[in-house]
Amino acid sequence: MNVQYFNFHHHKKELSGGIYNLVMDEPPAQRWFSAGIHPMEITENWQQKFEEINRKVLSSRCIAIGECGLDSRAAAPHSLQDEVFLKHLELAESLRKPLIIHCVRRHQDLIRLCGNAQVPLIVHGFNKKSETARALLGAGFYLSFGAELLRSVSLQEIFREISPDSFFLETDDTEIEIEEIYSKAAEIKQVTMSQINKQIFENLAKLKDE
78 MNVQYFNFHH HKKELSGGIY NLVMDEPPAQ RWFSAGIHPM EITENWQQKF EEINRKVLSS
138 RCIAIGECGL DSRAAAPHSL QDEVFLKHLE LAESLRKPLI IHCVRRHQDL IRLCGNAQVP
198 LIVHGFNKKS ETARALLGAG FYLSFGAELL RSVSLQEIFR EISPDSFFLE TDDTEIEIEE
258 IYSKAAEIKQ VTMSQINKQI FENLAKLKDE
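The numbers in the sequence shown follow this note's numbering, run straight up by one, and end at 287.
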């Protein structure tokens with residue numbers, strides 16, 4: 078029997094067993110997905126895009142809002158990024174769905190904006206320093222780790238220390254297979270891939286209960 082490893086955030090519509098990151102296409106049949114406006118894609122007509130997202134996330138197959146977030150490299154001013162992000166947070170809270178977050182060099186702003194959040198918050202593709210990890214975890218965020226876990230020694234140290242009930246694994250937009258990331262995660266934690274998979278499904282169940 079083939080084991081299906083859950084891929085928390087990916088961009089391949091044909092994959093099953095994970096959360097497909099919907100951009101502006103239609104939701105894939107019989108697949109879980111999330112939907113949101115990436116901070117690098119915020120334009121002056123973002124409200125029109127957001128109305129479309131509001132329609133799509135009503136599907137029972139939409140299990141999270143996002144990715145959305147804050148990025149210091151984006152063309153949109155920080156104030157506009159904040160406004161769009163808070164709209165996503167409001168939407169997530171109204172539907173009681175988790176929020177998948179993209180954040181680059183604006184983590185303190187993120188923690189401030191989410192101070193009263195009423196839904197689970199997951200920073201995807203985490204690849205920052207231990208101080209940032211501690212700040213996010215201390216504020217109640219989950220962290221999702223991707224391909225960088227395969228090569229970054231400092232990130233591996235963070236993952237080694239993270240509480241088992243606070244992480245997910247993903248491929249994002251890379252060509253790497255999710256099994257490779259699970260294998261590295263198991264090696265770092267000194268457990269089996271099956272144990273990592275079981276833990277992640279337990280964490281998913283916890284998201285639904287929060």
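For each residue, glycine too, the CB sits at the ideal point set by N, CA and C.
Those residues which DSSP pairs with residue i across a bridge
i, result
"Cys145", "Ile178"
"Ser221", "Phe245"
"Gly95", "Asn84"
"Leu227", "Per DSSP, none; premise fails for Leu227."
"Val100", "Val100 pairs with nothing; no bridge assigned."
C-alpha gap between residue i and residue j, whole angstroms
i, j, result
"Glu160", "Ile119", "11 Å"
"Leu284", "Arg132", "22 Å"
"Leu232", "Ile96", "23 Å"
"Ile199", "Ile177", "5 Å"
"Glu287", "Pro197", "7 Å"
"Ala153", "His201", "21 Å"
"Arg228", "Ser221", "16 Å"
"Lys164", "Phe127", "9 Å"
"Phe85", "Glu167", "22 Å"
"Ser149", "Gln267", "36 Å"
"Asn193", "Leu214", "15 Å"
"Met78", "Glu256", "Reliability of the predicted coordinates at Met78 is poor, the pLDDT of 49 falling under 50, and the value obtained from them is presented with this limitation in mind. Rounded to whole angstroms, Met78 to Glu256 spans 15 Å at the Cα level."
C-beta contact flag for residue i and residue j at 8 Å
i, j, result
"Phe245", "Asn274", "no"
"Pro175", "Gly146", "no"
"Ala169", "Cys139", "no"
"Phe162", "Leu135", "no"
"Cys180", "Leu172", "no"
"Phe110", "Leu92", "no"
"Asp249", "Ala224", "yes"
"Leu226", "Ile277", "no"
Buried or exposed (CB count within 10 angstroms, at least 16 for buried), residue i
i, result
"Arg182", "exposed"
"Glu247", "buried"
"Lys205", "buried"
"Ala262", "buried"
"Ile142", "buried"
"Gly94", "exposed"
"Gln158", "buried"
"Glu144", "buried"
"Ala151", "buried"
CB contact check: residue i to chain B, cutoff 8 Å
i, result
"Lys205", "This model lacks chain B altogether, as it is built from one protein chain only."
Inset, instruction - Output the residue ranges of the alpha helix (DSSP H) runs that lie fully inside the stretch 106-174 and measure 4 residues or longer, sorted by chain position. - result: 123-133, 155-172
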